[in-house]
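Okay, structure first, notes after.
There are 4 protein chains.
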Amino acid sequence: MAAQRPLSPRKRPTQRRSQATVEAILKAGARVFARRGYAGGTTNHIAEVAGVSIGTLYEYFPNKGAILVAIAQSQLDRMIAEVQHSIAEGGVDEPLADLLHRFVSTMLEVHESDPKLHRVLFGEAPHPSELHACVLQMEETLAHTIEARLSACPEVAALDADTAAHLVVQTVEALTHRFVHHGIHDLARDAFIDEVVALLGSYLTRKL
Amino acid sequence: MAAQRPLSPRKRPTQRRSQATVEAILKAGARVFARRGYAGGTTNHIAEVAGVSIGTLYEYFPNKGAILVAIAQSQLDRMIAEVQHSIAEGGVDEPLADLLHRFVSTMLEVHESDPKLHRVLFGEAPHPSELHACVLQMEETLAHTIEARLSACPEVAALDADTAAHLVVQTVEALTHRFVHHGIHDLARDAFIDEVVALLGSYLTRKL
Amino acid sequence: MAAQRPLSPRKRPTQRRSQATVEAILKAGARVFARRGYAGGTTNHIAEVAGVSIGTLYEYFPNKGAILVAIAQSQLDRMIAEVQHSIAEGGVDEPLADLLHRFVSTMLEVHESDPKLHRVLFGEAPHPSELHACVLQMEETLAHTIEARLSACPEVAALDADTAAHLVVQTVEALTHRFVHHGIHDLARDAFIDEVVALLGSYLTRKL
Amino acid sequence: MAAQRPLSPRKRPTQRRSQATVEAILKAGARVFARRGYAGGTTNHIAEVAGVSIGTLYEYFPNKGAILVAIAQSQLDRMIAEVQHSIAEGGVDEPLADLLHRFVSTMLEVHESDPKLHRVLFGEAPHPSELHACVLQMEETLAHTIEARLSACPEVAALDADTAAHLVVQTVEALTHRFVHHGIHDLARDAFIDEVVALLGSYLTRKL
DNA sequence: AATGAATGAGAGTTCATTCAT
DNA sequence: AATGAATGAACTCTCATTCAT
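Chains as they are written, first to last, in the numbering used here: chain L, 2 to 209; chain R, 2 to 209; chain D, 2 to 209; chain S, 2 to 209.
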């Protein structure tokens with residue numbers, strides 16, 4: 002195990018060339034980790050794929066974990082952005098089912114965009130604890146977004162909107178992850194979405 | 002990365018002594034993996050904790066992965082047994098909520114019994130594909146059990162009982178796992194169970 | 002910089018084969034360090050010279066520093082033994098000059114036995130702090146030995162025998178080291194010994 | 002190990018700015034080497050502390066060793082200057098003990114001025130051979146100075162003044178170095194000086 | 001005169017696995 | 001049935017140095 006070091010990038014790449022280098026490394030890292038897993042993906046391999054010397058890689062990232070964290074962070078940012086964008090799309094008086102459908106679909110799309118990488122980033126362990134914190138924070142952000150939207154929905158009758166929102170996010174996160182990686186029963190993609198929408202819809206609109 | 006090899010134990014430990022040796026190794030493996038993760042747990046360390054030489058360990062297990070699989074298998078077997086036992090407990094005319102409550106509680110207990118080990122076995126990757134298959138099969142078994150019980154429940158109105166059962170199992174699996182490892186919102190244990198029961202209950206009894 | 006680890010050997014080599022292996026490693030280490038210095042001598046090189054795989058080397062020594070310390074320890078032990086033996090040789094009523102002569106000669110011989118190695122062990126830095134402690138302790142031991150002998154010498158008139166003994170040891174240590182490594186003036190070996198004997202003799206027998 | 006290259010500075014810094022740059026590098030080098038040793042002090046770190054880019058550093062020094070040598074040279078020059086100044090202070094008919102006392106004190110002061118740096122410069126190895134030569138030459142210079150002064154001293158009765166002077170210098174060098182770095186016995190500073198003075202005084206004034 | 005991004009050989013170390021005993 | 005000494009490929013990471021700008 003390497004000594005604990007800050008996992009934030011070492012240098013701020015100020016020059017144009019450095020910018021490109023950093024991006025090449027991250028892109029290469031994503032590919033290498035996706036293909037071979039975190040433990041199996043070596044820094045030398047990443048450097049090679051990035052077309053950069055190993056020394057250069059370590060110029061910008063203090064260690065292997067920092068590369069992973071940087072990749073994960075950008076994935077999470079993208080995830081949040083897409084979900085927020087997707088949720089904002091519908092009108093205010095849109096039926097709950099449509100809203101949920103869009104939410105689940107978007108989450109599914111995000112997971113599908115690079116399943117292997119996703120599995121490594123969020124399914125593997127052990128990981129730098131930074132990564133874990135990022136994920137938790139993402140879920141928190143998503144829960145807030147969802148809660149705000151649900152509270153504007155007349156159909157929804159939750160005693161504790163906060164808790165409900167968190168449960169919804171966790172459930173969607175977990176089920177889409179599983180669906181993408183090993184399927185659920187023999188459910189087709191659309192059927193899966195419908196089923197999850199039914200699960201969440203009946204929960205959120207249940208008689209108390 | 003080791004070459005692919007059969008992951009089943011090498012010898013059938015027919016004799017008493019061998020039995021004990023194998024068990025010692027599995028127990029040691031569980032402890033070591035729980036404490037240090039899969040990658041961090043070395044076979045030499047396992048052998049040492051088991052009070053056995055490294056040579057003996059390889060006499061019974063062809064490689065590191067096989068130890069993990071064996072440990073996982075026994076955990077999964079226990080899981081299935083406990084759930085089946087727990088589900089069988091209630092009477093036939095028992096309310097759905099009570100049944101679900103018992104199911105969720107049992108799953109939670111199983112996850113709580115050794116969270117660290119559980120995380121390594123079912124949260125970490127990469128793992129021998131055998132392990133993955135075992136987990137899928139366990140979920141299948143659980144789904145069957147649940148389905149059988151639900152079909153006897155008058156409240157339940159599912160179009161596709163099979164799919165519903167799978168979704169229920171997946172959801173409970175995923176949510177209890179998450180709850181044990183990093184909590185969900187700030188939900189207390191009991192509140193968590195109630196919430197999951199509500200989620201599943203409203204889904205299973207929804208008006209179609 | 003490697004993380005701090007115990008520098009004592011890892012395994013007690015109980016079997017005959019291991020004994021030989023450890024000795025081969027120490028011998029190879031002595032040669033390699035002597036030839037290339039501590040920093041320049043690599044563990045891989047030592048293993049190669051020892052005719053042993055790098056893994057085997059690390060089976061017995063937790064890191065490079067431990068090899069150095071082990072080599073140094075044995076050198077120091079030899080040093081102490083030779084000096085004690087040499088000092089014990091003379092009769093009780095032996096003239097001081099003869100005693101000193103033997104002491105200086107012996108120290109010189111020890112330093113001459115493998116000057117390059119000696120320089121690395123006791124002239125280089127930075128070194129594991131263990132090594133420093135060993136050297137200090139050796140000097141302490143030598144000082145005690147010398148003091149005991151000097152106190153039996155009627156010619157010696159020291160106010161503080163303890164201090165005098167330490168100064169004598171330090172001086173001989175330092176001057177022989179320097180003489181061996183870059184000579185002092187153009188002094189021939191014998192002349193050097195005589196001069197040091199004169200230095201110490203006049204000091205120990207001075208009128209107070 | 003770097004290829005052997007000339008260790009003298011690359012450019013003559015004729016301009017003011019260059020002067021300042023060189024001095025900044027030397028000062029930074031002194032600090033960095035003192036703090037982290039020679040091997041542990043990196044050229045990048047030195048450049049950073051000097052507030053200069055690594056490229057600029059290599060504009061003035063062909064390699065790491067050259068920086069060390071330059072630092073050492075200036076220390077040695079200072080050493081010689083201080084000793085010469087100190088020796089010249091006393092009157093011609095001053096007692097030998099006073100002269101020696103001043104000499105030892107001055108050497109001690111010089112060693113004490115920056116012990117860490119001193120240890121790195123003159124205690125560590127391996128070093129560029131240039132450095133070794135510088136040290137030898139310094140000792141030669143010091144020996145000449147001492148010899149000249151001693152030959153004017155009626156108390157001194159050395160057969161070979163040259164040799165005696167060298168031995169004196171070597172002894173003082175070695176003992177003050179040791180005293181500063183790990184003490185000698187439990188001798189206080191003053192007591193140490195007195196003892197060394199006694200050692201040298203009795204040697205220089207001994208009956209032949 | 002100065003920069004700093006890039007280099008890459010090579011360092012120390014680990015650990016799953018083998019096989020002679 | 002059991003041992004444990006030995007293996008060595010492969011890992012992460014460092015740092016003196018270069019050279020295009």
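For glycine and all other residues, C-beta sits at the position ideal for the given N, C-alpha and C.
Query, Result
"If you pair each beta-carbon of the stretch 181–196 of chain R with each one of the stretch 179–187 of chain L, do three or more pairs fall below 8 Å?", "no"
"Considering only the alpha carbon of each residue, which of S203/R, V50/R and L132/R lies closest to A29/R?", "V50/R"
"Can you list, in chain order, the residues of its chain with a C-beta nearer than 7 Å to that of G194/L? Leave out the 5 residues immediately preceding and following it.", "Here residue 194/L turns out to be Ile, not Gly, going by the sequence shown. Excluding positions up to five away in sequence, the list reads H102, V105, S106 and L109."
"Could you tell me which chain L residues have their CB closer than 9 Å to the CB of Q171/R, listed as they occur along the chain?", "A175, L176, R179, F180, I185 and H186"
"Please compile the residues from chain S whose C-beta is within a distance smaller than 8 Å of the C-beta of D115/D.", "Near D115/D there are no residues of chain S at all, since even the closest Cβ is about 16 Å away, more than 8 Å."
"Identify whether S54/L lies in helix, strand or coil by the three-state DSSP scheme.", "coil"
"Beta carbons nearer than 9 Å to chain R: which residues of the stretch 31–52 of chain L have them?", "R37, G38, Y39, A40 and G41"
"Roughly how many angstroms separate the alpha carbons of M139/R and K208/R, rounded to a whole number?", "30 Å"
"Pick helix, strand or coil for M2/R, following the three-state DSSP scheme.", "Note that M2/R scores 36 on pLDDT, short of 50, meaning its location in the model is unreliable and no value can be drawn from it."
"With H167/L and A144/L assumed to form a contact (beta carbons below 8 Å), what rounded beta-carbon distance in angstroms separates them?", "5 Å"
"Taking buried to mean at least 16 other C-beta atoms within 10 Å of its own C-beta, is A21/D buried or exposed?", "exposed"
"Rounding to the nearest angstrom, what Cα-Cα distance links L132/L and A67/L in this structure?", "9 Å"
"Would you verify that the beta carbon of S203/S is, or is not, closer than 9 Å to some beta carbon of chain D?", "yes"
"Return helix, strand or coil for N64/L, following the three-state DSSP convention.", "coil"
"Using 8 Å as the Cβ pair cut-off and three pairs as the minimum, do the stretch 117–131 of chain R and the stretch 34–50 of chain R touch?", "yes"
"Is there a C-beta anywhere in chain D that falls below 9 Å from the one on V157/S?", "no"
"Is A199/L close to chain R? Criterion is C-beta to C-beta, closer than 9 Å.", "yes"
"Pick out whichever of R79/R, L100/R, D163/R and I55/R has its Cα sitting closest to the Cα of E141/R.", "D163/R"
"Does DSSP classify Y59/R as helix, strand or coil?", "helix"
"Comparing the C-beta of A192/D with each C-beta of chain S, is any distance below 9 Å?", "yes"
"How many whole angstroms separate the CB atoms of L205/L and L151/L, which I take to be in contact at a CB cut-off of 8 Å?", "7 Å"
"How many angstroms separate the CA atom of Q76/L from the CA atom of P116/L?", "12 Å"
"Here's the rule: buried if 16 or more other CB atoms are within 10 angstroms of the residue's CB, otherwise exposed. What is A158/L?", "exposed"
"Would you identify the three-state DSSP class for P155/R, choosing helix, strand or coil?", "coil"
"CB V93/S to CB A25/S, shorter than 9 Å?", "no"
"Residues of chain R with CB closer than 8 Å to the CB of R103/L, please, in chain order.", "Going along chain R, no residue has its Cβ under 8 Å from R103/L, so there is no contact; the nearest lies around 20 Å."
"Would you report the Cα separation of L44/S and V173/L, rounded to the nearest angstrom?", "Leu is not the amino acid found at residue 44/S; the sequence shown has Thr there. Spanning the two alpha carbons is a distance of roughly 53 Å."
"Identify which residue in L176/R, S203/R and C135/R has its Cα closest to the Cα of A165/R.", "S203/R"
"Under 8 Å, CB to CB, which of the residues in the stretch 116–149 of chain S have a partner in chain D?", "R120, V121, G124, E125, A126, P127, H133, L137 and A144"
"Say whether chain D places a C-beta atom closer than 9 Å to the C-beta of H112/S.", "no"
"Buried or exposed: which applies to H86/D, given that a residue is buried once 16 or more other Cβ atoms fall within 10 Å of its Cβ?", "exposed"
"Is it buried or exposed for G42/L, if we count other Cβ within 10 angstroms and need 16 for buried?", "buried"
"With a CB to CB cut of under 6 Å and the five nearest residues on each side skipped, what residues in its chain are close to Y59/R?", "none"
"Round the Cβ separation of D78/R and G91/R to the nearest angstrom and send it over; I've been treating them as touching at under 8 Å.", "Actually they are not in contact, since the Cβ atoms of D78/R and G91/R sit about 23 Å apart, beyond 8 Å."
"Counting only beta-carbon atoms, is D99/L nearer than 9 Å to chain R?", "no"
"Taking 6 Å as the limit between beta carbons, can you name the residues of its chain near L176/L, skipping five residues before and five after?", "V197"
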